[in-house]
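Notes follow once the structure below has been shown.
Number of protein chains: 2
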Amino acid sequence: MPTRVEAGIVDALTEVVGAAAMSTGDDVGDDYTHDEALTAHPHRPLAVVRPADTAEVARVVQLAADAGVALTARGSGTGLSGACIPTEGGIVVSFERMNEILEIDLENHVAVVQPGVTLDQLDQATGAHGLVYPVFPGESSASLGGNVATNAGGMRAVKYGVTRHQVLGLEAVLGTGEVIRTGGKFVKATTGYDLTQLVVGSEGTLALVTEATLKLYPRPAHAATVLAPFATLADVTAAVPKIVASGIGPLLVEYLDVITMDAIARGHGVELGVDPAIKEQATAYLVVVLEDRHENRLEEDTAELATLLGDLGALDVYVLPSAAGAKLIEAREKAFWTAKAAGADDIIDMVVPRASIPRYMAAVAQLAQERASLVVGCGHAGDGNVHLSVFQKDQAARHDLIHDIFAAGMQLGGAISGEHGIGTEKKVYVAELEDPVKLTLMRRIKAAFDPAGILNPGTIFDPEDFDGEERT
Amino acid sequence: MPTRVEAGIVDALTEVVGAAAMSTGDDVGDDYTHDEALTAHPHRPLAVVRPADTAEVARVVQLAADAGVALTARGSGTGLSGACIPTEGGIVVSFERMNEILEIDLENHVAVVQPGVTLDQLDQATGAHGLVYPVFPGESSASLGGNVATNAGGMRAVKYGVTRHQVLGLEAVLGTGEVIRTGGKFVKATTGYDLTQLVVGSEGTLALVTEATLKLYPRPAHAATVLAPFATLADVTAAVPKIVASGIGPLLVEYLDVITMDAIARGHGVELGVDPAIKEQATAYLVVVLEDRHENRLEEDTAELATLLGDLGALDVYVLPSAAGAKLIEAREKAFWTAKAAGADDIIDMVVPRASIPRYMAAVAQLAQERASLVVGCGHAGDGNVHLSVFQKDQAARHDLIHDIFAAGMQLGGAISGEHGIGTEKKVYVAELEDPVKLTLMRRIKAAFDPAGILNPGTIFDPEDFDGEERT
Numbered sequence: 022m023p024t025r026v027e028a029g030i031v032d033a034l035t036e037v038v039g040a041a042a043m044s045t046g047d048d049v050g051d052d053y054t055h056d057e058a059l060t061a062h063p064h065r066p067l068a069v070v071r072p073a074d075t076a077e078v079a080r081v082v083q084l085a086a087d088a089g090v091a092l093t094a095r096g097s098g099t100g101l102s103g104a105c106i107p108t109e110g111g112i113v114v115s116f117e118r119m120n121e122i123l124e125i126d127l128e129n130h131v132a133v134v135q136p137g138v139t140l141d142q143l144d145q146a147t148g149a150h151g152l153v154y155p156v157f158p159g160e161s162s163a164s165l166g167g168n169v170a171t172n173a174g175g176m177r178a179v180k181y182g183v184t185r186h187q188v189l190g191l192e193a194v195l196g197t198g199e200v201i202r203t204g205g206k207f208v209k210a211t212t213g214y215d216l217t218q219l220v221v222g223s224e225g226t227l228a229l230v231t232e233a234t235l236k237l238y239p240r241p242a243h244a245a246t247v248l249a250p251f252a253t254l255a256d257v258t259a260a261v262p263k264i265v266a267s268g269i270g271p272l273l274v275e276y277l278d279v280i281t282m283d284a285i286a287r288g289h290g291v292e293l294g295v296d297p298a299i300k301e302q303a304t305a306y307l308v309v310v311l312e313d314r315h316e317n318r319l320e321e322d323t324a325e326l327a328t329l330l331g332d333l334g335a336l337d338v339y340v341l342p343s344a345a346g347a348k349l350i351e352a353r354e355k356a357f358w359t360a361k362a363a364g365a366d367d368i369i370d371m372v373v374p375r376a377s378i379p380r381y382m383a384a385v386a387q388l389a390q391e392r393a394s395l396v397v398g399c400g401h402a403g404d405g406n407v408h409l410s411v412f413q414k415d416q417a418a419r420h421d422l423i424h425d426i427f428a429a430g431m432q433l434g435g436a437i438s439g440e441h442g443i444g445t446e447k448k449v450y451v452a453e454l455e456d457p458v459k460l461t462l463m464r465r466i467k468a469a470f471d472p473a474g475i476l477n478p479g480t481i482f483d484p485e486d487f488d489g490e491e492r493t
Numbered sequence: 022m023p024t025r026v027e028a029g030i031v032d033a034l035t036e037v038v039g040a041a042a043m044s045t046g047d048d049v050g051d052d053y054t055h056d057e058a059l060t061a062h063p064h065r066p067l068a069v070v071r072p073a074d075t076a077e078v079a080r081v082v083q084l085a086a087d088a089g090v091a092l093t094a095r096g097s098g099t100g101l102s103g104a105c106i107p108t109e110g111g112i113v114v115s116f117e118r119m120n121e122i123l124e125i126d127l128e129n130h131v132a133v134v135q136p137g138v139t140l141d142q143l144d145q146a147t148g149a150h151g152l153v154y155p156v157f158p159g160e161s162s163a164s165l166g167g168n169v170a171t172n173a174g175g176m177r178a179v180k181y182g183v184t185r186h187q188v189l190g191l192e193a194v195l196g197t198g199e200v201i202r203t204g205g206k207f208v209k210a211t212t213g214y215d216l217t218q219l220v221v222g223s224e225g226t227l228a229l230v231t232e233a234t235l236k237l238y239p240r241p242a243h244a245a246t247v248l249a250p251f252a253t254l255a256d257v258t259a260a261v262p263k264i265v266a267s268g269i270g271p272l273l274v275e276y277l278d279v280i281t282m283d284a285i286a287r288g289h290g291v292e293l294g295v296d297p298a299i300k301e302q303a304t305a306y307l308v309v310v311l312e313d314r315h316e317n318r319l320e321e322d323t324a325e326l327a328t329l330l331g332d333l334g335a336l337d338v339y340v341l342p343s344a345a346g347a348k349l350i351e352a353r354e355k356a357f358w359t360a361k362a363a364g365a366d367d368i369i370d371m372v373v374p375r376a377s378i379p380r381y382m383a384a385v386a387q388l389a390q391e392r393a394s395l396v397v398g399c400g401h402a403g404d405g406n407v408h409l410s411v412f413q414k415d416q417a418a419r420h421d422l423i424h425d426i427f428a429a430g431m432q433l434g435g436a437i438s439g440e441h442g443i444g445t446e447k448k449v450y451v452a453e454l455e456d457p458v459k460l461t462l463m464r465r466i467k468a469a470f471d472p473a474g475i476l477n478p479g480t481i482f483d484p485e486d487f488d489g490e491e492r493t
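So the sequences go chain by chain: A and B. Start counting the first sequence at 22; every next residue gets the next number (this note's numbering). Start counting the second sequence at 22; every next residue gets the next number (this note's numbering).
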């Protein structure tokens, strides 16, 4: 039975969005109770509201602020850190009805989208104009609103950067219910603080994004996928900075350890044509994709890359036929599902300076061995973003191992997450390892946006006076 | 005569930095009292401190916070908006002694610099390794600390972005004297709020930057400068989006009106070899620079660009000999000095969506005519950043004209400054034209970083309870 306060807020929200756009109690589908984080527990919200426009979002936030009820924004629910799992008794604001591409501006090369637009939807719309929105985080059903909230990355970051680098402007609702517009259809401005970049990656804790202006690029016509097996993981990771430094300008530079490569190749029926004798010796693979608007330049660059890879100790170099190349990249994008299917207990995506990957991976290997755990992975080597699957059933042992893996990366100048975000699932490590001065500053920034503390509380960090029940 | 409070803080600061690193009274050189803003009045600070390291900066800030004395950070003093002019009775923190390039990291392609390092100094150091820090705001004596504070731009933004896009990490001292480190040697992280991007462009109001980690790029070996005269300014600005969209990837795309072109060509003795008959018809010029690591690709792209410019209505197309090209670009970089020498009363650098430049320039021309004022200029057309020199001696009339010029750009989705910043000189327009909700939010953010309100108060916006004497 809902309490009187709960019934009051539900009635008030229903008045705003209409009964058809509101679910409560058993009508709330299970989908709304979780995301894809391996470690998180589902939570049932008091209600799910599906606003139709910014004005409705603003009224929902005002009502929640007045009632002191927590709000959690939700796009497609494909996140990996628990950031869109509601608090018990809180409200989910689902953007599924705000799913319109408002504009593809061919002169300024920007798209203006509502938060519920999916990457797939945007890719089809931009492709029709020979343009591309270059963030491919591996799950094309993800929403742009979710991507903005988590600063989603993906394999192409080494060339194009991540979501942060594409977001030129936002419309967003503060925790007070006030609506602001930031930035615009331009790449630069120095007109007060950059509120756009502050909201990007804030995981729904500062504002609810109701519109985003995104940078588009010409879609190059030609691409080539180059696969290079190496004898050791250290050889692969040592080669990466030299490839990035060469000036060839790769679209992506991925490494895969042999366990991960075998799992994704088997799982997705990818046949790469690697010579069996070479396969025998290989313990790690490098995948590099190049793209260009001129086919002859692509061929030249591919040849230059192949030579360079040979010089850097590759056992062999394969330029994959385009179907096999595309299949490998697609399978690599699904590495999370492969890890999940293999029974991984947690996944992490630490970022370190790219030249420090060899030292970091050595430290990880040693920690895994000391703790009798299995840690395998792959990563966006070009930008130092290492994706690791951790196999360790014991929760306390796993916590200690992951803590030490993060600490090792931070000693090398790294950060806990490159693109998955902190959410609810990694905040314990942030609390343990981050500078308390920065955490206090972030709490004060949150209070500036959200004085009532209703926007996704308990995500990234707990409120300072937190003494209640954990969400996870 | 200093008051007792003033004498107390001066003594305390002297104890921190040493007498040799401290100037007071008449010992304060005139240079410390102004920047290059045309409209600002110099202010004499109580003292100038020249700290040697971060620890000294932190102690200086603590002392100032305790005493409630205003601090203004200063690099080379080349800013154009008054942001480094001290408050009367405040303290200048000059970073001239913290001028060391701490590291050029060849594997991660980053430079780690102290704030007093100049662009020229960094360019020499990176050039020795075939790398480049790609922000050239037109004044190579500018300091990196100042560039970070103002989010400095320049002509190459259309290819590389501006300072914001190069700053990967910072060390900074908050208004409390606490020291934080943000980001690192990587292009992406989603580990809490992006404090780096918040501090970039905050014009010394949130924190004092004591170290910056900056992205470097391979320095392409080959460049070509293409000059195209056009019959009308509207033709030039209409051509720009099509050049950017072509995929050729220009390094810079600049327009100059004929008055500005004549002034800078005459002022710098640049001989461009434009046919006199063409010159007669031209009222505006487009300058495009291409660069590549392969000479043959540069030649191909230059030919493609020349054809495109012809199709877009250029009266003629000139590929300049490299000495003349370099001289033109250098002269264009000094356009501010040309405007100053010509007696401009103010300069502005509004940014609008690049496809809106023709409409914006038409609106500006009409406003100038209505107000019997002269407004001429040039601009970073590729990124919608329009630099205008305003000739109107009457201060009230000039204010109204500039207000309306900003309002016209904001109606097109623009922002008041693309790269010069707001400082003290444009804050009146921000107060008049910006959303008060955003200004209130910015004030709350400032309070989060600087609870005592001592960091460059009165820059970007006045404190909410401001009722004292204006700095300008």
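All C-beta atoms in this analysis are idealised placements derived from N, C-alpha and C, irrespective of residue type, glycine included. Nothing here was measured: the structure is a model prediction, and the numbers come from that model.
Open item on the list: Can you look up Met176/B in the DSSP assignment and give me helix, strand or coil?
Closed with: coil
Task: Candidates Val38/A, Val411/A, Leu165/A: closest to Lys361/A by CA position - done: Val411/A
Task: Best match in Ile122/A, Cys105/A, Glu121/A for proximity to Val114/A [C-alpha to C-alpha] - done: Cys105/A
Open item on the list: Checking the sheet assignment: what are the DSSP bridge partners for Thr139/B?
Closed with: Ser164/B
Task: Among Ser267/B, Glu301/B, Asp370/B, Leu293/B, nearest to Leu330/B - alpha-carbon criterion - done: Ser267/B
Task: Completely contained alpha helix (DSSP H) runs for the region 104 to 160 of chain A, where each covers 4 or more residues - done: 140 to 148
Open item on the list: Strictly under 8 Å for the Cβ-Cβ distance: is Val78/B near chain A by that measure?
Closed with: no
Task: Inter-residue spacing [alpha-carbon to alpha-carbon] between Ser223/B and Lys209/B - done: Approximately 21 Å between the Cα atoms of the pair.
TODO: Output the distance between the C-alpha atoms of His150/A and Leu127/A, rounded to the nearest integer angstrom.
DONE: Just so you know, the alpha carbons of His150/A and Leu127/A end up roughly 8 Å apart.
Open item on the list: Between which two residues does the alpha helix (DSSP H) holding Asn477/B run?
Closed with: Run containing Asn477/B: none; DSSP gives neither H nor E here.
- [ ] Could you confirm whether any beta carbon from chain B is found closer than 8 Å to the beta carbon of Met463/A?
- [x] yes
TODO: Reducing DSSP to helix, strand and coil, say where Glu455/B ends up.
DONE: coil
- [ ] Give the single residue among Gly403/B, Gly442/B, His401/B, Val451/B whose Cα lies nearest to the Cα of Asp425/B.
- [x] Val451/B
- [ ] Specify, as a first and last residue, the run of the alpha helix (DSSP H) that Met282/B falls within.
- [x] 279 to 289
Open item on the list: With H, G and I counted as helix, E and B as strand and the rest as coil, what does DSSP make of Phe207/A?
Closed with: Of the three classes helix, strand and coil, the one that applies to Phe207/A here is coil, per DSSP.
Task: Where Thr304/A falls: helix, strand or coil (DSSP) - done: coil
Task: Outcome for Lys414/B when other beta-carbon atoms lying within 10 angstroms are tallied against a minimum of 16 - done: exposed
Task: DSSP state of Tyr381/B mapped onto helix, strand, coil - done: helix
Task: Cβ neighbours of Gln302/B in the same chain (closer than 7 Å, five flanking residues each side left out) - done: Ala252, Leu336
Task: Contact list for Gly268/B against chain A, beta-carbon separation under 7 Å - done: Residues of chain A passing the Cβ test: Pro239, Arg314.
Open item on the list: I want to see whether chain B comes within less than 8 Å of Phe357/A, judged by CB atoms only; does it?
Closed with: no
TODO: Assign Gly290/B to buried or exposed, taking buried as 16 or more other Cβ atoms, counted over all protein chains shown, within 10 Å of its Cβ.
DONE: exposed
- [ ] Starting from the N-terminal side, write out each stretch of the beta strand (DSSP E) that is 3 residues or longer and does not extend beyond the region 49 to 93 of chain B.
- [x] 68 to 70
Open item on the list: Just checking: is the beta-carbon of Ser438/A within a distance shorter than 8 Å of some beta-carbon in chain B?
Closed with: yes
Task: Residues near Phe482/B in its chain [Cβ-Cβ closer than 7 Å; skip 5 each side] - done: Lys448, Val451, Ala452, Leu460, Met463, Arg464
Open item on the list: In whole angstroms, give me the CA-to-CA distance for Asp74/B and Ala146/B.
Closed with: 21 Å
Task: Straight-line Cα distance separating Tyr306/B from Pro107/B - done: Each residue's Cα considered, the two are about 39 Å apart.
Task: Selected residue, minimal CA-CA separation from Val188/A, among Val179/A, Thr171/A, Asp370/A - done: Thr171/A
Open item on the list: Using a Cβ-Cβ cutoff of 9 Å, what residues of the region 201 to 219 of chain B are near chain A? List them in chain order.
Closed with: Correct list: Ile201, Arg202, Thr203, Gly204, Gly205, Lys206, Phe207, Val208, Lys209, Ala210, Thr211, Thr212, Gly213, Tyr214, Asp215, Leu216, Thr217, Gln218, Leu219.
TODO: Name, please, each residue of chain B whose Cβ falls closer than 9 Å to the Cβ of Asn172/A.
DONE: Lys209, Ala210, Thr211, Asp215
Open item on the list: Helix, strand or coil for Lys236/A? Go by DSSP, reduced to three states.
Closed with: strand
Open item on the list: Which residue wins for smallest C-alpha separation from Ala244/A, given the options Gly167/A, Glu192/A, Val309/A, Asp47/A?
Closed with: It is Val309/A whose Cα lies nearest to the Cα of Ala244/A.
Task: Length of the line joining the Cα atoms of Thr281/A and Val78/B - done: About 48 Å.
Open item on the list: Taking a contact to mean a Cβ-Cβ separation below 8 Å, would you say Ile269/B touches Met371/B in this structure?
Closed with: no
TODO: Answer yes or no: does any C-beta atom of chain B fall closer than 8 Å to that of Glu485/A?
DONE: no
- [ ] Return no unless some Cβ of chain A is closer than 8 Å to the Cβ of Arg353/B.
- [x] no
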